Each structure stands twice: as structure tokens, then as C-alpha cells.
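To keep things clear, I will list the structure first and then write my remarks on it.
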Amino acid sequence: MTNNKYISDVVKNIPPSGIRKFFDLVTNSRDIISLGVGEPDFVTPWTVRKEAIDVLDRGATTYTSNLGLPELREAVSFFLKNHYGLNYDPEKEIMITVGASEAIDLALRCLINDGDEVLVPVPSYVSYSPCIELTRGVPVYVPTYEENNFIITPDDLKSKITSKTKALILPYPNNPTGAIMKKEDLEAIKDIIIEHDLIVISDEIYSELTYDGKHVSIASLPDMKERTIVLNGFSKAFAMTGWRLGYIAAEHSFIEAMNKIHQYTTICAPIMAQYAGIKAIYECEDDIEKMRKTYDQRRRLIVNGFREIGFDCFEPKGAFYIFPSIKKTGLSSQEFCERLLKEEKIAVVPGNAFGPGGDGFIRVSYAYSIDKIMKALERIESFAKRVL
Amino acid sequence: MMSKKMDIIELLNENSRLTDKQISVITELSEDEVKDIIKNLEEEKVLLKYSTLVNWEKTEKEVVRALIDVRVTPQQGQGFNAIAERIGQYDEVKSVSLISGGYDLSVEVEGKTMKEIAIFVAERLAPIDGVLSTTTHFILKRYKQDGVFFTDGPEDKRLVVTP
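Here the protein sequences line up with chains B and G, keeping their order.
FYI, the numbering for the first sequence is 6 to 393, going by my numbering.
FYI, the numbering for the second sequence is 85 to 247, going by my numbering.
Pasting the structure below:
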């Protein structure tokens, strides 16, 4: 019996994730080297793990306030000020979420009415469009191009704005391209955003992983704080993916609206993760720096490796992915990845999983040891000899 | 430059098979600069040897190792150095370290069998002038060495593909 007829139209109409499809293929293969993972290879720093164990020992097993532990909001406020020069009141302008994933959902749900358009730069993270569709909004893709370093240019942005445009998702540093938007790039689109009265949902989850100067948040530009919802979290900076701990910084009325949804759907993020997060912020600056440096070394190695093999490879300045072009091979991303998996047992993610414009590229993660990257490059080279 | 030097030491410590070219890409130095730094480090005896970590249990070679705690009498004007160097002369001795606590030196010895090591301790190590006592601990199984686990199975606990 199929219960398909009971499933809501909006859910039925969401296409299955391209990554999921590929994941099933990979799971059925043996002895593969995967460069397909979107999470750090580091384990959460020990001090943070220890703190969670300690608070559990002391019986921290309750709910917290909906917004999150006040001490953690203090810590987040301190972190945002310290790292990006952002000023957010820990009592009114910060809330703790179950990962940045929940934060994406909350931001969209608090803003979108039926039919509102949300601009989504592509290629980008797989969740934005489905989450927009779940809110009965309409995702409108803003293509970004390798020749523009995969950033949103004023012209690209302007060409997609209509009277129904409500918000812009700004996912930088970007997964999968590794692109960042520098201060001048953000300044270039700022006036258009203000002129058309758009709200920016700035997903800054990779903000600690930049390799060409410090990350700049669009909320730090004049007149932008009040129209920006900043999403961030602990997963990438502190290698805490499994803890599901994120946060939102925004003007009070946004926080109030999002907290309304959050209190009914989620209540709060897990309390032990929240206590651990406080420790992470105050005691793990060195760990962040060490991880960043290690990623940076691997980044140079892998970009150089792909270029020497003969692929065109955009130089990523953030996150932990490279997004080389495979157009020269004449294969589609899907074909390329399936063959690479079958013939050389290497898993990378086809670029088309990240939206239109992603075809012709592959996403290769360098959240792997140098040894592993070198082994993978050898196999990719032998594959390239057949397809390039 | 100082930090680049440390980077090179750490990279080689992790994987001594990295080529000069690969190191130059990782550290953003030219290949010649990398060569020079490594040559200097070798001359200064910072880099002593490029070795491999082997799990001997998986080979045909019989290898037994023991950690031997040694109490010694320090010598006038020499402290522990002379006797430590004396013990280190033997090929069987893989490492000698001065340690704190109830003993003075920790000596790692390698042999083909336990008996061979026992004889080495009784006939060569213990009789050395200044050695007061020894306690031999045979290594029965290695779990981790130099940061690497000896256990089989996947080290990566992550899902193979995630968004």
C-alpha cells in the first residue's frame, strides 16, 4: 500500500536531494576514498567535549530558555564583536538554534508569505530552495560565475529583483564554491538591497574558515544591521557538527518572530551542547587557528594538484571545498562522478547537486589529511588521463 | 621564516615522503627555499632521520620490544650523560631517556625474542658500572604510537558524502 496520496503537495514537489542520490551510490561501493564530506575531519576540541561530560555529570538535562542559555548568548555576542565587529545585545538580539540548519528554516519562515520571492545565489548549499518552498515562497536563482569569482555582482542581483522579491540569501564563504565576498563586493550590492527594501539572510557558517583576510559580515556595513539576519554556528569553526548548535543574530523584532516559531517547534537546543558552546567560544581560539592553518595548507596542495593534472580550478578563499571545472572532459558532472567512483573508487560530489550552474563542476572537500588527499590525487590523475 | 621552518618540520614529522615540490606548494615557499631550509635543518641536526612507522606484527619479522627502567649512580662532573651514552652504544638499544620519578633512565630495547632481551639485560646492561637496578617491561601489544592507532577498521567516522 502506498500512502502517497496523503503526502502534502508541497513536500511531494520538492525534488530529492542530488547528494542523497549520490550518497546511495557511494554507500554501496567498497574501499573508496571519499572527498565528499561537508564536515571537518577534526574531532571537537577536548576541553569542549569534557565540558559536556561535566555538565551532564552535574545533571544538566533540562530545557533551557527558548532563546538559549543567557551565558551562551553573552558568549556569542562577545564572539561576534571580537571577530567581526558586530554589536548584538545578548538579551534581545541573539538566539540559539539547533544548528544553522534550523536557523535557515526560522529565518525563512518568519519572513515569507505565499508567493514571496527569495533570491538564492547558485551554486550553493542544498537546503535553501527546499526550505523556501516549504514556506510557500518562490526561490529565484541568481547565477554566479567562475569568471566573477562566484560572487554576486550588482548586475546579477538587479536582473533578478521583482516587485515580489522579499529577501536575499547570502551564503558566503560559500559551499560548494569556496568563494568569499570581500568588503568591497558587499558594498557594491548594498545600495541595491536597500533600494529594493530586501532582507538579507546571511549564512556565515564558514566565517572562521577564510584564507585571504578576515571574514566581513554584511551586517557590519552601515544601515545593514537592521535588515540582515545573521546565521552562524559551531559546526565548522569548532568542529562541532554533531552537537547541532547554531545561532541567529538579528534586530529584536526578527528574533521575537523567529523565537515564536522556535518555541513551538523546537523549544531549545540541547542544554549540554549549549554549555559546551560557551567553553568553545572562550577557550578554543587556538584550536580554531590551528584548524584554519591546516585547512589552508591542504587547500594549496589540492588546488595545485588539480591544476597540475590539467583541470581548471578556481582558487577558493573560504570554507573547505574546491570546485574545479570538468567541462574539458565533455562529461556531465553526474557522469564524471559516477565514473570516477566506479573506475577509481573516489567519491566527490557532482556540481549539479548545488543548483543550476553547478553542472560542469565537481565539489571536492579537503577536510581530509594530506596523506589522503595525495592518495586521492594519484587516482584522480590516472582517471584524468582517460577523460581529459 | 621561523614559522615556515616549523611548518616544514611538522609536515615532515607527519609524512617524511613529501617531496620538496609538495612542501613548497603547501608552505608557499619556492622549491629552492624549501631545499635550503631542509639542508640547514639536517646540518643543525634538527632533522636526524626520515623513518617509517611499521606495524611489525603484520610482517614475518619477529620483533620484541621492552621498556627497561634503570636506576644509576650519576657520575662526578658528568651527571647522567656519560652512563646514558654508554648504554646507548648497544645496537639493541633503540632509545635512552632521562626520566623523572623512581627511576633515572628509560631504555627501549629491541630483540627477536623475550629471552634474547632478558639475556641482554642480565649480561650487558645490568653489569655496567653505575647501574644499580633494572626493571624490564615487555611490550605485549601496541595500540598507538606517534599519534597513529594500530587498530584496523575505518578511522573516519563521518558519513561518506554529506552536503
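All residues carry an ideal CB built from backbone N, CA and C; glycine is no exception.
On a predicted model such as this, the values are computed, not experimentally measured, just so you know.
- Contacts with chain B at 8 Å (Cβ-Cβ) do not include Leu-96 (chain G).
- A check of alpha carbon separations from Val-42 (chain B) across B:Arg-297, B:Lys-241 and B:Glu-294 identifies B:Lys-241 as the nearest.
- Scanning its chain for C-beta atoms nearer than 6 Å, with the 5 sequence neighbours on each side dropped, one finds around Thr-219 (chain G) the residues Asp-153, in chain order.
- Ser-337 (chain B) and Val-53 (chain B) have their alpha carbons spaced roughly 43 Å apart.
- Beta-bridge partners of Lys-228 (chain G) (DSSP): G:Phe-233.
- Between the alpha carbons of Glu-189 (chain B) and His-220 (chain B) lies a gap of roughly 12 Å.
- For Leu-74 (chain B), the CB contacts under 8 Å within the same chain, skipping 5 residues up- and downstream, are Ile-101, Ile-276, Gln-279, Tyr-280 and Ile-283 in chain order.
- Lys-171 (chain B) and Glu-79 (chain B) have their C-alpha atoms roughly 31 Å apart.
- Per DSSP, reduced to three states, the secondary structure at Asp-188 (chain G) is coil, with no helix or strand assignment.
- Contact between Tyr-133 (chain B) and Ile-174 (chain B) holds: their C-beta atoms lie close to 5 Å from each other, under 8 Å.
- Of the candidates B:Ala-372, B:Ala-389 and B:Ile-185, B:Ala-389 places its Cα closest to the Cα of Leu-346 (chain B).
- When DSSP assignments are scanned along the stretch 198-259 of chain B, no uninterrupted stretch of alpha helix (DSSP H) that is 4 or more residues long falls wholly within it.
- Straight-line spacing of the CA atoms in Gly-365 (chain B) and Asp-110 (chain B) works out to 29 Å.
- Under the Cβ criterion (8 Å, minimum of three pairs), the stretch 256-272 of chain B counts as touching the stretch 58-75 of chain B.
- Under DSSP, the beta-bridge partners assigned to Asp-153 (chain G) are G:Ser-190 and G:Thr-219.
- With respect to chain B, the C-beta atom of Gln-106 (chain G) has a partner C-beta closer than 8 Å.
- If you draw a straight line from the Cα of Asp-208 (chain B) to the Cα of Ile-183 (chain G), it is about 52 Å long.
- Per DSSP, reduced to three states, the secondary structure at Glu-44 (chain B) is coil, with no helix or strand assignment.
- Residues of the stretch 105-135 of chain G with a Cβ closer than 8 Å to any Cβ of chain B, in chain order: Gln-106, Val-109, Ile-110, Thr-111 and Glu-112.
- Across the stretch 19-50 of chain B, CB contacts with chain G closer than 8 Å involve Ser-22, Ile-24, Phe-27, Phe-28, Val-31, Thr-32, Ile-37, Ser-39, Gly-41, Val-42, Gly-43, Glu-44 and Asp-46, in sequence order along the chain.
- For Leu-124 (chain B), the enclosing beta strand (DSSP E) begins and ends at 122-127.
- Listed along chain G, the residues sitting closer than 8 Å to Asn-309 (chain B) by beta-carbon distance are Val-109.
- Shown in chain order are the members of the stretch 284-317 of chain B whose Cβ falls below 7 Å from a Cβ of chain G: Gln-302, Arg-305, Leu-306 and Asn-309.
- DSSP places Lys-55 (chain B) in the helix class (H, G or I) of the three-state scheme.
- Contact annotation for Asp-376 (chain B) against chain G: Asn-99 [CB-CB distance below 7 Å, chain order].
- Proximity of Ala-352 (chain B) to chain G, defined by a Cβ-Cβ separation below 8 Å, is satisfied.
- Taken atom to atom, the span from the alpha-carbon of Thr-246 (chain B) to that of Ser-106 (chain B) is near 11 Å.
- Contact between the stretch 21-31 of chain B and the stretch 290-309 of chain B is not established, with fewer than three Cβ pairs separated by less than 8 Å.
- The contact set of Leu-137 (chain G) on chain B, defined by CB atoms closer than 7 Å, is empty, because the minimum CB distance reaches about 12 Å.
- By the 16-neighbour rule on beta-carbons within 10 angstroms, Trp-248 (chain B) is buried.
- Close CB contacts of Phe-319 (chain B) within its chain, under the 8 Å cut and outside five residues either way in sequence, are with Glu-151, Asn-154, Phe-155, Thr-182, Gly-183, Ala-184, Ile-327, Phe-328, Pro-329 and Ser-330 (chain order).
- Across the structure, Gly-362 (chain B) and Pro-355 (chain B) are spaced so that their CA atoms are roughly 11 Å apart.
- Taking a beta-carbon distance threshold of 8 Å, Val-131 (chain B) counts as an interface residue toward chain G.
- The criterion of a C-beta distance shorter than 8 Å is not satisfied by Glu-349 (chain B) and Arg-303 (chain B).
- Thr-246 (chain G) has a beta carbon lying within less than 8 Å of a beta carbon in chain B.
- Within the DSSP bridge table, the entry for Gln-159 (chain G) names G:Gly-163 as partners.
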